[in-house]
Amino acid sequence: IHQGNQTTISEFFLLGLTVGSEQQQIIFMLFLSMYLVTMVENLLTILAIISDTHLHSPMYFFLANLSFIDICFTTTTVPKMLADIQSQSPTISFAGCLTQMYFFMLLVNLDNFLLAAMAYDRYVAICHPLHYAALLNPKRCALLVVTPWVISNLVSVLHLSLLIHLTFCDQRAIPHFFCDLEPILRLACSDTQINNLFILGIGGTVIFIPFIFILLSYTLIGSTVLRVPSTKRKWKTFSTCGSHLSTVSLFYGSIVGVYFLPSSAYSAEREKVAAIMYTIVTPMMNPFIYSLRNKDMKRALRRMLSRKSFFWSW
């Protein structure tokens, strides 16, 4: 970090959500409840998958990784937001802001890649069931998880490398509840054209290629299912894929609304609402959509929770 940046600005003020003082406690309790539900749902998902050997398959391997990332993702922003709601002076240091931004960008990209990996898993399972074990062998599954970590880490580091070369002036108020890239760039005095081009170029590639892959996977799944004679099985598959696509649409729609609309369409309030969708709502919905409606997962959870040893181990 350049010393010039540190001396120009040492901390930011997070303006948070625009609510009246009488509504702050309601908002606090609402988001605290959502955060706790998210943590419990995702932790139970991970523990159930680890404890039940019947769930040691590619589908649940990706699901456990998604749950872990969702726990980290929501923890990156929500606890700080809750503390700021209770604080009279919600500030964050420059170094703290960069750290939060790094983990946020890392985890949002990982979430994006894992949703694509899970779509690929469903595509292989439905369209090529006889080749499922060969196409999703342990080595390939590990590669589908490790590669996103490498790419996401690289993208996050490159974003921050460009950011720390910017000069920030006296304006220190961030109209957001966490350190996000777009609001920070709007506070810079120096030219941010390279940063914006990097967001549209590299960021857009990292976001849209997995999204297109997901849409293609579910399109192929749909065309395969339409050829299935059983109406019951057809409806079940469409119901499952539809719920997956609804979560994916919420996640990507919120991100596009924040990062890829023209500057003339910028709205701080709309950006905060969109950020709530993909930082709080989506991580809370993912376990329900992907696992808690699943019969095998329900059975594994019941077995795990019924074991006395499970409770004594805590």
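Following the numbering used here, the numbering of the sequence shown begins with 351 at its first residue and continues without gaps.
Each residue gets a CB set at the ideal place from its N, CA and C atoms; glycine is no exception.
Quick caveat: nothing in here was measured; it's all calculated off a predicted structure.
Quiz item: First and last residue of the alpha helix (DSSP H) that includes L380?
Solution: The residue you call residue 380 lines up with position 30 of the sequence shown. Residues 374-401.
Quiz item: Taking DSSP as the reference, what is the three-state secondary structure of F453?
Solution: Counting from 1 along the sequence shown, the entry for residue 453 is found at position 103. F453 falls in the helix class under three-state DSSP.
Quiz prompt | Opening and closing residue of the beta strand (DSSP E) in which F362 lies | solution = Residue mapping note: residue 362 aligns to position 12 of the sequence shown, counting from 1. That run of the beta strand (DSSP E) goes 361-364.
Exercise. Keeping to the same chain, check which residues put their C-beta closer than 6 angstroms to that of D420; ignore five residues upstream and five downstream.
Key: Against the sequence shown, residue 420 aligns to sequence position 70. Short of 6 angstroms from the beta carbon of D420, and not among the five residues preceding or following it, lie these beta carbons of its own chain, in chain order: N392, P633, N636.
Quiz prompt | Nearest to K489 (by Cα), restricted to the options L595, F411, K586 | solution = Indexing the sequence shown from 1 puts residue 489 at position 139. When only C-alpha atoms are compared, the closest one is F411.
Practice problem: Please classify F412: does DSSP put it in a helix, a strand, or coil? | Solution: Here the question's residue 412 lines up with position 62 in the sequence shown. F412 falls in the helix class under three-state DSSP.
Quiz prompt | 4 or more residues per run - each alpha helix (DSSP H) lying fully within the region 534-597 | solution = 543-548, 554-575
Quiz item: Can the beta-carbon of S417 be found less than 8 angstroms from the beta-carbon of I396?
Solution: Along the sequence shown, one-based indexing puts residue 417 at 67. Along the sequence shown, one-based indexing puts residue 396 at 46. It is a contact, given that the beta carbons lie within the stated cut-off.
Quiz item: Helix, strand or coil for I514 per DSSP?
Solution: Numbered from 1 along the sequence shown, position 164 holds the residue referred to as residue 514. Reduced to three states, the DSSP call for I514 is coil.
Self-check item: Residue range of the beta strand (DSSP E) that includes T441
Solution: Along the sequence shown, read from residue 1 onward, the residue named residue 441 stands at position 91. Its beta strand (DSSP E) spans residues 441-443.
Exercise. Could you spell out where the alpha helix (DSSP H) holding L485 opens and where it closes?
Key: Translated into the one-based positions of the sequence shown, residue 485 becomes position 135. From DSSP, the alpha helix (DSSP H) with L485 extends over 482-485.
Exercise. Return the bridge partner residues of I524 from the DSSP annotation.
Key: By one-based count along the sequence shown, residue 524 stands at place 174. Paired residue(s): L364.
Self-check item: Candidates I626, I534, H478: closest to F423 by CA position
Solution: As a working mapping, residue 423 is identified with position 73 in the sequence shown. Taking only the C-alpha atoms, the option nearest F423 is I626.
Quiz item: Hey, how far is the Cα of V556 from the Cα of C447?
Solution: Residue mapping note: residue 556 aligns to position 206 of the sequence shown, counting from 1. Residue mapping note: residue 447 aligns to position 97 of the sequence shown, counting from 1. Rounded to whole angstroms, V556 and C447 show a C-alpha spacing of 23 angstroms.
Self-check item: S437 - containing alpha helix (DSSP H), residue span
Solution: Counting from 1 along the sequence shown, the entry for residue 437 is found at position 87. Note, S437: premise wrong, no alpha helix (DSSP H); not H, not E.
Exercise. Determine the burial state of N462: buried for a count of at least 16 other Cβ atoms within 10 Å of its Cβ, exposed for fewer.
Key: Stepping through the sequence shown from its first residue, residue 462 is reached at position 112. That one is buried.
Quiz prompt | Contact set for I435: own chain, Cβ-Cβ below 7 angstroms, skip 5 residues either direction | solution = On the sequence shown, residue 435 is found 85 positions in, with the first residue counted as 1. For I435, where only same-chain residues beyond five positions count, the Cβ hits under 7 angstroms are G366, Q374, I377, F378.
Quiz item: If you draw a straight line from the alpha carbon of F363 to that of R536, how long is it in whole angstroms?
Solution: Walking along the sequence shown from the start, residue 363 turns up at place 13. Walking along the sequence shown from the start, residue 536 turns up at place 186. Between F363 and R536, the C-alpha separation is close to 14 angstroms.
Quiz item: Three or more beta-carbon pairs under 8 angstroms between the region 458-477 and the region 552-566, yes or no?
Solution: Enough Cβ pairs lie closer than 8 angstroms, so yes.
Exercise. Can you tell me which of the three DSSP states H599 falls into?
Key: On the sequence shown, position 249 is the one that residue 599 refers to. It should be pointed out that residue 599 corresponds to Ser in this sequence rather than to His. If DSSP states are grouped into helix, strand and coil, S599 belongs with the helices.
Exercise. Could you pull the start and end residues of the alpha helix (DSSP H) that R643 belongs to?
Key: On the sequence shown, position 293 is the one that residue 643 refers to. Taken as a continuous stretch (DSSP letters only), R643 belongs to no alpha helix (DSSP H), as it is neither H nor E.
Quiz item: Are the beta-carbon atoms belonging to M455 and V505 less than 8 angstroms from one another?
Solution: Along the sequence shown, read from residue 1 onward, the residue named residue 455 stands at position 105. Along the sequence shown, read from residue 1 onward, the residue named residue 505 stands at position 155. It is a contact, given that the beta carbons lie within the stated cut-off.
Practice problem: Report the three-state DSSP secondary structure of S371 (helix, strand or coil). | Solution: To locate residue 371, count along the sequence shown from 1; it is residue 21. Looking at S371 - three-state DSSP - the assignment turns out to be coil, as it is neither helix nor strand.
Quiz item: Distance, Cα to Cα, V623 vs G603?
Solution: Within the sequence shown, numbered from 1, the residue matching residue 623 stands at position 273. Within the sequence shown, numbered from 1, the residue matching residue 603 stands at position 253. The straight-line gap from Cα to Cα measures roughly 12 angstroms.
Quiz item: Should G354 be labelled buried (16 or more other beta-carbon atoms within 10 Å of its own) or exposed?
Solution: As a position in the sequence shown, residue 354 is number 4, starting the count at 1. Confidence at G354 is low in this model, with a pLDDT of 42, below 50, so the placement of that residue is unreliable and no value is reported for it.
Practice problem: May I have the straight-line CA-CA distance separating D541 from G553, to the nearest angstrom? | Solution: Position 191 of the sequence shown, counting from 1, holds the residue named residue 541. Position 203 of the sequence shown, counting from 1, holds the residue named residue 553. Cα to Cα, the separation comes out at about 19 angstroms.
Quiz item: So, helix, strand or coil for D519, using DSSP?
Solution: The residue given as residue 519 occupies position 169 in the sequence shown. Note on identity: in this sequence residue 519 is Cys, with Asp being the wrong assignment. If DSSP states are grouped into helix, strand and coil, C519 belongs with coil.
Quiz item: If we call anything under 8 angstroms between Cβ atoms a contact, is S573 one with L413?
Solution: If you number the sequence shown from 1, residue 573 lands on position 223. If you number the sequence shown from 1, residue 413 lands on position 63. Not in contact: S573 and L413 (Cβ atoms no closer than 8 angstroms).
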